[in-house]
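For the sequence shown, UniProt numbering gives the first residue as 1, with consecutive numbering after it.
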Amino acid sequence: MSTVTENGSSTSDKANEEKTYKKTTSSAIKGTIQLGIGYTVGNLTSKPDRDVLMQDFYVVESVFLPSEGSNLTPAHRYPDFRFKTYAPLAFRYFRELFGIKPDDYLYSLCSEPLIELSNPGASGSIFFVTSDDEFIIKTVQHKEAEFLQKLLPGYYMNLNQNPRTLLPKFYGLYCFQSGGINIRLVVMNNVLPRSVKMNYKYDLKGSTYKRRASRKEREKSSPTYKDLDFLQETPEGLYFDPETYSALMKTLQRDCRVLESFKIMDYSLLLGVHVLGSTSKEKEGESSHYSIDNKRPSVQKVLYSTALESIQGPGKDVDFFIKESTMGGIPAKNHKGERVLLFMGIIDILQSYRLMKKLEHSWKALVYDGDSVSVHRPCFYADRFLKFMNSRVFKKVQALKASPSKKRGNSIPALKSSSQEILSSNSQEWMEKKKK
């Protein structure tokens with residue numbers, strides 16, 4: 001038997017259905033992660049704050065955690081293991097950059113069991129989400145972890161200058177070692193909150209070659225669709241008011257140029273679409289936003305963590321009421337005129353254009369249209385990605401001139417700002433609740 005989380009990701013509750021990764025059960029991975037992070041973050045609090053130096057990006061700290069415990073570590077029910085923490089001081093600085101306090105980081109990751117999510121990708125990685133919905137933990141390959149280490153200094157120099165971005169935020173890189181097995185894990189921001197029902201999910205690359213969800217994926221309770229599926233289901237794209245559209249496209253352009261400068265490609269835009277009025281709570285006029293962790297208030301602990309905050313320019317902090325009304329999503333409308341909230345982020349950036357990718361593109365280009373395959377030169381990949389987002393996925397609502405209705409034909413219904421409409425429709429309900 002399996003259960004389904006709020007965004008449709010399935011989790012298994014049968015012992016014989018438990019996933020394994022490198023011959024290690026997911027429950028063992030979850031438990032050792034929490035033990036290791038609990039020790040390393042707690043130990044880090046005793047170290048004084050100071051500026052991050054270049055050598056801090058390459059430091060690796062290691063601790064041995066025997067099952068019987070030691071003077072420094074607690075006893076546990078797992079086999080003896082070693083836990084490595086990469087660039088601990090640098091990652092502490094990055095967490096501070098996004099307003100993450102050590103106590104909140106520990107509480108999110110270690111106070112409650114981690115929740116395993118289904119993985120729609122082909123990487124074979126295992127994903128976990130914290131019970132308060134703040135962080136995603138993903139297993140990564142050795143080459144990906146190695147690339148992230150090399151990427152850190154320049155990547156976070158960019159994030160320090162511009163924390164409002166749709167690029168992934170990495171909060172920690174760790175490695176679990178036991179019995180000759182190495183399992184590397186990265187802690188990231190959570191793009192799709194479980195507290196919001198995602199009516200549709202898409203993994204978009206701007207490519208058409210094999211970019212349709214498989215039959216197996218479609219049979220899932222909450223499938224992740226791909227580019228061709230989006231074009232078929234939403235041929236006219238998603239509509240924004242001019243200001244929101246401009247902010248979104250500027251953010252995507254800046255992010256893609258950053259990835260291009262690091263010779264990164266094969267990334268995707270993970271897009272979650274929540275149709276307003278699609279849940280019973282919303283139909284009854286209630287907010288669908290609620291606290292997953294009842295011990296904590298339903299507020300984000302991480303700065304710039306929502307899609308709406310990520311596309312706002314410097315000095316344009318998102319008002320608390322706006323964030324509550326939109327649940328952190330970006331207001332838009334679909335081709336049916338339905339009000340939607342979009343949750344998005346760029347994912348899978350730990351792919352460098354190495355020789356293997358060059359060879360993969362070369363043979364594919366001989367058989368298929370070279371411009372349609374996913375693997376491409378970083379510059380071409382970024383341009384194609386942006387063109388697809390700009391022309392096929394996201395569109396700006398033009399101010400409509402007074403004209404006979406017949407001239408409008410099948411165009412999107414006349415809108416005032418989609419964000420204004422969503423906010424105005426929610427504001428009265430919100431104020432009434434406050435009075436109560």
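The beta-carbon is built from N, C-alpha and C at its ideal position, and this holds for glycine as well.
For clarity, every value in this text was computed on a predicted model and none was experimentally measured.
Note down, in chain order, each residue of its chain lying with its Cβ closer than 8 angstroms to the Cβ of residue 192, except the 5 sequence neighbours on either side. By 1-based counting over the sequence shown, the position of residue 192 is 192. Taking residue 192 as the centre and dropping the five residues before and after it, the same chain places the C-beta of 7, 198, 201, 270, 272 and 343 closer than 8 angstroms to its C-beta, in chain order.
Neighbourhood of residue 257 by C-beta distance below 8 angstroms, restricted to the same chain and skipping five residues each side: The sequence position of residue 257 within the sequence shown is 257, counting from 1. Within the same chain, Cβ atoms closer than 8 angstroms to the Cβ of residue 257 are found at 382, the five residues on either side in sequence being excluded.
Quick check on this structure: which residue in 347, 333 and 89 has the alpha carbon closest to the alpha carbon of residue 395? Against the sequence shown, residue 395 aligns to sequence position 395. With distances taken between Cα atoms, residue 395 lies closest to 333.
Within a Cβ cutoff of 7 angstroms, which residues of the same chain sit near residue 275, ignoring the five residues on either side of it in sequence? Working through the sequence shown from its first residue, we reach residue 275 at position 275. Around residue 275, the same chain offers 199, 338 and 340 as residues with beta carbons nearer than 7 angstroms, after the five sequence neighbours per side are excluded.
Rounded to whole angstroms, what's the CA-CA distance from residue 206 to residue 227? Just pull it up for me. Here residue 206 corresponds to residue number 206 of the sequence shown, with the count starting at 1. Here residue 227 corresponds to residue number 227 of the sequence shown, with the count starting at 1. Taking the straight line from one Cα to the other gives about 7 angstroms.
Cα-Cα separation, residue 80 to residue 71: Working through the sequence shown from its first residue, we reach residue 80 at position 80. Working through the sequence shown from its first residue, we reach residue 71 at position 71. Going from the Cα of residue 80 to the Cα of residue 71 covers about 15 angstroms.
Whose CA, out of 138, 268 and 78, lies closest to the CA of residue 124? If you number the sequence shown from 1, residue 124 lands on position 124. It is 138 whose Cα lies nearest to the Cα of residue 124.
If we ignore side chains and look at the alpha-carbon of each, how far apart do residue 171 and residue 247 end up? What you label residue 171 is simply residue 171 of the sequence shown in a count that begins at 1. What you label residue 247 is simply residue 247 of the sequence shown in a count that begins at 1. Rounded to the nearest angstrom, the two C-alpha atoms are 25 angstroms apart.
Mind checking whether residue 28 and residue 57 have CB atoms under 7 angstroms apart? One-based indexing of the sequence shown puts residue 28 at position 28. One-based indexing of the sequence shown puts residue 57 at position 57. Not in contact: residue 28 and residue 57 (Cβ atoms no closer than 7 angstroms).
Run the CB neighbour count on residue 351, radius 10 Å, all protein chains shown included, and call it buried at 16 or more, exposed below. In the sequence shown, residue 351 corresponds to position 351, counting from 1. It is buried - the Cβ of residue 351 has at least 16 other Cβ atoms within 10 Å.
So residue 190 packs on residue 133, CB below 8 angstroms; how close in whole Å? Position 190 of the sequence shown, counted from the start, is the residue given in the question as residue 190. Position 133 of the sequence shown, counted from the start, is the residue given in the question as residue 133. Taking a contact as a CB-CB distance under 8 angstroms, the pair residue 190 and residue 133 counts as one, their CB atoms being some 6 angstroms apart.
Unbroken beta strand (DSSP E) run spanning residue 271, endpoints: Numbered from 1 along the sequence shown, position 271 holds the residue referred to as residue 271. From DSSP, the beta strand (DSSP E) with residue 271 extends over 268–275.
Exposure of residue 181, with buried meaning 16 or more beta-carbon neighbours within 10 Å: Here residue 181 refers to the residue found at position 181 of the sequence shown. Taking every protein chain shown into account, the CB of residue 181 has fewer than 16 other CB atoms within 10 angstroms, so this residue is exposed.
Which runs of the alpha helix (DSSP H) fall wholly inside the stretch 94–160 and span at least 4 residues, in chain order? Fully enclosed alpha helix (DSSP H) runs of no fewer than 4 residues occupy 102–110 of the stretch 94–160, in order along the chain.
Between 169, 249, 212 and 136, which has its C-alpha nearest residue 232's C-alpha? As a position in the sequence shown, residue 232 is number 232, starting the count at 1. The alpha carbon of residue 232 has as its nearest neighbour, out of 169, 249, 212 and 136, the alpha carbon of 212.
Could you give the first and the last residue of the continuous alpha helix (DSSP H) run that contains residue 349? Locating residue 349 in the sequence shown gives position 349, where the first residue counts as 1. Unbroken run through residue 349: none, as it is neither H nor E.
Three or more C-beta pairs under 8 angstroms: does that hold for the stretch 92–111 against the stretch 35–50? Touching, yes.
Neighbour-count burial assignment, residue 242, 16 or more Cβ in a 10 Å radius: The residue labelled residue 242 in the question sits at position 242 within the sequence shown. Burial call: exposed.
Tell me, which residues are paired with residue 82 by DSSP? Numbered from 1 along the sequence shown, position 82 holds the residue referred to as residue 82. In DSSP, residue 82 forms a bridge with 64 and 177.
Less than 7 angstroms between the C-beta atoms of residue 175 and residue 84, yes or no? One-based indexing of the sequence shown puts residue 175 at position 175. One-based indexing of the sequence shown puts residue 84 at position 84. Closer than 7 angstroms, so yes.
Residue of 306, 36, 64 and 89 minimising C-alpha distance to residue 50: Within the sequence shown, numbered from 1, the residue matching residue 50 stands at position 50. Of all alpha-carbon atoms in 306, 36, 64 and 89, the one lying nearest the alpha-carbon of residue 50 is that of 89.
Measuring alpha carbon to alpha carbon, tell me which of 95, 117 and 229 ends up nearest residue 208. By one-based count along the sequence shown, residue 208 stands at place 208. Checked all of 95, 117 and 229; the closest Cα to residue 208 is 229.
Note down, in chain order, each residue of its chain lying with its Cβ closer than 6 angstroms to the Cβ of residue 25, except the 5 sequence neighbours on either side. Within the sequence shown, the letter at position 25 stands for residue 25. Within the same chain, residue 25 has close Cβ partners 18.
So, helix, strand or coil for residue 29, using DSSP? Position 29 of the sequence shown holds residue 29. Assignment of residue 29 by DSSP, reduced to helix, strand and coil, places it in the helix class.
If distances are taken between C-alpha atoms only, which option among 177, 385 and 135 comes closest to residue 169? Residue numbering aside, residue 169 sits at position 169 when the sequence shown is read from its first letter. Residue 135 holds the alpha-carbon nearest to the alpha-carbon of residue 169 among 177, 385 and 135.
Please state the DSSP three-state secondary structure of residue 191. As a position in the sequence shown, residue 191 is number 191, starting the count at 1. Residue state for residue 191 is assigned as coil, using DSSP reduced to three classes.
Output the distance between the C-alpha atoms of residue 163 and residue 128, rounded to the nearest integer angstrom. Translated into the one-based positions of the sequence shown, residue 163 becomes position 163. Translated into the one-based positions of the sequence shown, residue 128 becomes position 128. Taking the straight line joining both Cα atoms gives about 24 angstroms.
Selection from 63, 33 and 75 that minimises the alpha carbon distance to residue 442: The chain is shown from 1 up to 436; residue 442 falls before or after that span and cannot be answered.
Taking the beta strand (DSSP E) that residue 201 belongs to, which residues open and close that run? Numbered from its first residue, the sequence shown carries residue 201 at position 201. Here the beta strand (DSSP E) through residue 201 covers 200–204.
Tell me residue 392's beta-bridge partners as DSSP assigns them. The sequence position of residue 392 within the sequence shown is 392, counting from 1. DSSP lists no partner for residue 392.
Between residue 261 and residue 378, what straight-line distance do the alpha-carbon atoms span, to the nearest angstrom? Locating residue 261 in the sequence shown gives position 261, where the first residue counts as 1. Locating residue 378 in the sequence shown gives position 378, where the first residue counts as 1. Pairing residue 261 with residue 378, the inter-Cα distance amounts to about 8 angstroms.
Straight-line gap, residue 93 to residue 219 (C-alpha atoms, nearest Å): The residue given as residue 93 occupies position 93 in the sequence shown. The residue given as residue 219 occupies position 219 in the sequence shown. So the two alpha carbons sit approximately 42 angstroms from each other.
Based on Cα-Cα distance, which residue from 173, 95 and 147 lies nearest to residue 159? Position 159 of the sequence shown holds residue 159. Looking at 173, 95 and 147, the one whose alpha-carbon comes closest to that of residue 159 is 95.
In chain order, what residues of the same chain have a beta carbon less than 8 angstroms from the beta carbon of residue 387, not counting five sequence neighbours either side? Against the sequence shown, residue 387 aligns to sequence position 387. Hits under 8 angstroms: 206.
Span separating the alpha-carbon of residue 144 from that of residue 398: Residue numbering aside, residue 144 sits at position 144 when the sequence shown is read from its first letter. Residue numbering aside, residue 398 sits at position 398 when the sequence shown is read from its first letter. C-alpha separation (whole angstroms): 42 angstroms.
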